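Participant: For the sequence shown, the numbering used here gives the first residue as 598, with consecutive numbering after it. My structure is below; once you've seen it, I'll send some questions.
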Amino acid sequence: MSKVTMPVEQQIPIQQVDYRAVLSEQEIAAIEHECSLYEERAAAGIDALKIVQDHRRWVSDESLYAIADLLQMPVVQLEGVATFYNLIYRQPVGEHVIHLCDSISCWLHDFPKIAEHLKAKLGIDFGQTTADGKVTLLTNVCLGCCDTAPALMLDGDLVENLDIPSIDNMLGKLTARGGKND
Ligand code: FES
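Shown next, in the form of structure tokens:
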């Protein structure tokens, strides 16, 4: 039987990632600052994930291993934190991310109609990103503003009392303004 030789990079366990080879100086400094606020470095896990996501839009496996290395914590523990917080993206997302609430109050306030409209206007389904990389569409559990349902979160900001005109207005602004920081 012939032996299959893997490419060199695949032979290196990703666990051996050195955080200095992956994270930028700014990311490391910001994470170290968060660590200084806690007794245990591992307590800064969610903050570290957010910092890296702010710089890269999402947290790749390589980044996850690098953060775990920097925080001197088990990768599986950090992965648990990342999985628990659904605002940590473990796959690439677009410049803008929409989380449409699909919990009970929003569901009773036209969720199906609003969901279909959003999907049709963007030309994507939930869990997808537009072809131009501009918008990712996701669902979310209750956003905590049931009295102003239906609601969504756009790039971390709540948008409440949704209706078709307000969605069209929001999407129009998104396509007009380009990047998240514009
Ligand atoms: S159910 Fe949508 S905000 Fe609570």
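Every residue gets a Cβ at the ideal spot worked out from N, C-alpha and C, and that includes glycine. Source: prediction; values computed, not measured.
How far does the beta strand (DSSP E) with Cys-698 in it reach, from first residue to last?
Facilitator: In the sequence shown, residue 698 corresponds to position 101, counting from 1. It spans 693-698 - the beta strand (DSSP E) in which Cys-698 sits, taken as one unbroken run.
Participant: Let me know the beta strand (DSSP E) ranges lying completely inside the segment 640-719, each 3 residues or longer, listed in chain order.
Facilitator: Counting whole runs of 3 or more residues, the segment 640-719 contains the beta strand (DSSP E) stretches 693-698.
Participant: Taking all protein chains shown into account, decide if Gly-720 is buried (16 or more other Cβ within 10 angstroms of its Cβ) or exposed.
Facilitator: For this step, residue 720 is matched to residue 123 along the sequence shown. It counts as exposed.
Participant: In angstroms with no decimal places, state the Cα-to-Cα distance between His-706 and Ala-746.
Facilitator: Position 109 of the sequence shown, counted from the start, is the residue given in the question as residue 706. Position 149 of the sequence shown, counted from the start, is the residue given in the question as residue 746. About 6 angstroms.
Participant: With a Cβ-Cβ cutoff of 8 angstroms, do Ile-764 and His-714 count as a contact?
Facilitator: Here residue 764 is taken as the residue at index 167 of the sequence shown, counted from 1. Here residue 714 is taken as the residue at index 117 of the sequence shown, counted from 1. Result yes, Cβ atoms of Ile-764 and His-714 sit closer than 8 angstroms.
Participant: Under the DSSP definition of a beta bridge, which residues are partnered with Leu-755?
Facilitator: Stepping through the sequence shown from its first residue, residue 755 is reached at position 158. Looking at the DSSP assignment, Leu-755 forms a beta bridge with Met-750.
Participant: Can you give me the Cβ contacts of Pro-689 inside the same chain, cut-off strictly under 6 angstroms, excluding the 5 residues immediately before and after it?
Facilitator: By 1-based counting over the sequence shown, the position of residue 689 is 92. Short of 6 angstroms from the beta carbon of Pro-689, and not among the five residues preceding or following it, lie these beta carbons of its own chain, in chain order: Trp-655.
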